[in-house]
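In what follows, a structure is listed as structure tokens, so that the remarks can point back to it.
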Amino acid sequence: MQMQIVFQTRNPSRLADFWRHALRYVREPPPDGYATWDDFAKQAGVDLTDANVDAAVDPFGCGPRLLFERVENPTIGNAVHLDINVATRAQAVDDARVTIDVEVANRRGGTNHIMTVTTTTLTIDEWPKWRSLRLATLADAPEAFGSRLSDWADAPDQRWRSRLRDVPLNVIAMLDNKSVGQVSATNDGSSTSVELISMWVAPNARGAGVGDAMIHAVISWAEDQGASVVELSVKAANLPARRLYERNRFLFNGNRDQADEVRMIRTLP
Ligand SMILES: CC(C)(COP(=O)(O)OP(=O)(O)OC[C@H]1O[C@@H](n2cnc3c(N)ncnc32)[C@H](O)[C@@H]1OP(=O)(O)O)[C@@H](O)C(=O)NCCC(=O)NCCS
Numbered sequence: 006m007q008m009q010i011v012f013q014t015r016n017p018s019r020l021a022d023f024w025r026h027a028l029r030y031v032r033e034p035p036p037d038g039y040a041t042w043d044d045f046a047k048q049a050g051v052d053l054t055d056a057n058v059d060a061a062v063d064p065f066g067c068g069p070r071l072l073f074e075r076v077e078n079p080t081i082g083n084a085v086h087l088d089i090n091v092a093t094r095a096q097a098v099d100d101a102r103v104t105i106d107v108e109v110a111n112r113r114g115g116t117n118h119i120m121t122v123t124t125t126t127l128t129i130d131e132w133p134k135w136r137s138l139r140l141a142t143l144a145d146a147p148e149a150f151g152s153r154l155s156d157w158a159d160a161p162d163q164r165w166r167s168r169l170r171d172v173p174l175n176v177i178a179m180l181d182n183k184s185v186g187q188v189s190a191t192n193d194g195s196s197t198s199v200e201l202i203s204m205w206v207a208p209n210a211r212g213a214g215v216g217d218a219m220i221h222a223v224i225s226w227a228e229d230q231g232a233s234v235v236e237l238s239v240k241a242a243n244l245p246a247r248r249l250y251e252r253n254r255f256l257f258n259g260n261r262d263q264a265d266e267v268r269m270i271r272t273l274p
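Printed below as a string of structure tokens:
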């Protein structure tokens, strides 16, 4: 089921900006295959110069979509209404299915057996896939990372491209074909040590082996690079992440300069 709340207003963009900020929502990403809404509009022959709608969406697909439509004289009686769609949009159905499948798997007490986790290494041209997950990450878990959602929410395409170019390994994870996680790794020019960064699993896909699969992808890449260790930093208070890393044979390797972070290390054979 997909829910949409429609606001009729004189100034869609201003109201949309307010609710994106208040709810940690994001600008709706353009349809698959398009880097920007402008590209999409051009292809569809639509002029966006005087756009009269704006939309805000929950970056991890749980909350309703907010649509803001321009009307010259919104009346108090019908300025807001609800649209409810039942299974009309594949994306919404996928989201619901992931949540239900993980819940069922967790309740059964074993997670990895009934769901398929796959990982894919992104090319630079696939940066829009990285962007939508990364914006969801920064909205969901700001306490776990150094970057802020506000630093990236309106980042130009070129900045996302640079991010994917500068960091040599960028992996996304799919659970039953739905993108639910991301991780990166760098080697800083060192042939011996790889650093695991940017690990995130969508809240509705946690506890299903997604983190394990992404660590596996990083370890495989590190081995291909001839590295002898994989290292990472994690907030000392981030117990779910520490448990994931410990289960994957990362060992405590001292505190970082910032007192609230610890270093962990896994030695490769
Ligand atoms: C840390 C994180 C990547 C773990 O991903 P995951 O695929 O759920 O990993 P795991 O299944 O191994 O779960 C790790 C721990 O999370 C907790 N957990 C398990 N299922 C969970 C769920 N459904 N919801 C919330 N937490 C859950 C458990 O403590 C678990 O440890 P345990 O299995 O040893 O008890 C994920 O929680 C996340 O993205 N958190 C926010 C971002 C973050 O902290 N990134 C790490 C930065 S260093």
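In this text, residue positions in the sequence shown follow our numbering: the first is 6, and each later residue adds one.
All C-beta atoms in this analysis are idealised placements derived from N, C-alpha and C, irrespective of residue type, glycine included.
Treat the numbers as computed from the prediction; the structure is a model and nothing was measured.
Local Cβ density within 10 Å of residue i, reported as buried at 16 or more and exposed below that
i    : result
D59  : buried
V51  : exposed
E77  : exposed
P17  : buried
M204 : buried
F255 : buried
T142 : buried
A207 : buried
S155 : exposed
T128 : exposed
R94  : Note that R94 has pLDDT 44, beneath the 50 cutoff, so the model's placement of it is unreliable and no number is given.
L244 : exposed
Alpha-carbon to alpha-carbon, residue j and residue i
i    : j    : result
S64  : T272 : Note that residue 64 corresponds to Pro in the displayed sequence, not to Ser. Cα to Cα, P64 sits roughly 35 Å from T272.
S225 : L71  : 41 Å
R211 : F12  : 33 Å
G82  : R29  : Here the model assigns G82 a pLDDT of 45, short of 50, so the residue's position is not dependable, and the following value carries that caveat. Their backbone Cα atoms lie some 28 Å apart in a straight line.
D4   : L138 : With the chain represented from 6 up to 274, any question about residue 4 goes unanswered, as that position is not in the structure.
Q9   : E74  : 12 Å
S251 : D181 : As written in the sequence, residue 251 is Glu, which differs from the Ser given in the question. Straight-line Cα distance between these residues: approximately 26 Å.
F45  : V267 : 44 Å
Q187 : V223 : 11 Å
T121 : N260 : 36 Å
P34  : T41  : 8 Å
W165 : W135 : 8 Å
T191 : R15  : 47 Å
Proximity test, residue i beta-carbon vs ligand 1 heavy atom, cut-off 8 Å
i    : result
N243 : yes
F150 : yes
S240 : In the sequence as presented, Ser is not what sits at residue 240; that position holds Lys. Indeed, a heavy atom of ligand 1 lies less than 8 Å from the Cβ.
D265 : no
W157 : no
L154 : no
T121 : no
D37  : no
T191 : no
contact_flag[the segment 142-160, the segment 172-181] where n(CB pairs < 8 Å) is 3 or more: With the cut-off at 8 Å, the segment 142-160 and the segment 172-181 do not touch.
Secondary structure, alpha helix (DSSP H): runs of 4+ residues fully inside the segment 22-63: Runs of alpha helix (DSSP H) with 4 or more residues, each lying fully within the segment 22-63, are found at 42-49, listed in chain order.
Whole alpha helix (DSSP H) elements within the segment 127-153, 4-residue minimum: The segment 127-153 contains these whole alpha helix (DSSP H) runs: 132-145.
Three CB pairs or more closer than 8 Å across the segment 181-199 and the segment 145-154: Flag = no, the segment 181-199 and the segment 145-154 do not touch.
Minimum length 4: unbroken alpha helix (DSSP H) runs contained in the segment 195-248: When DSSP assignments are scanned along the segment 195-248, the uninterrupted stretches of alpha helix (DSSP H) that are 4 or more residues long and fall wholly within it turn out to be 215-229.
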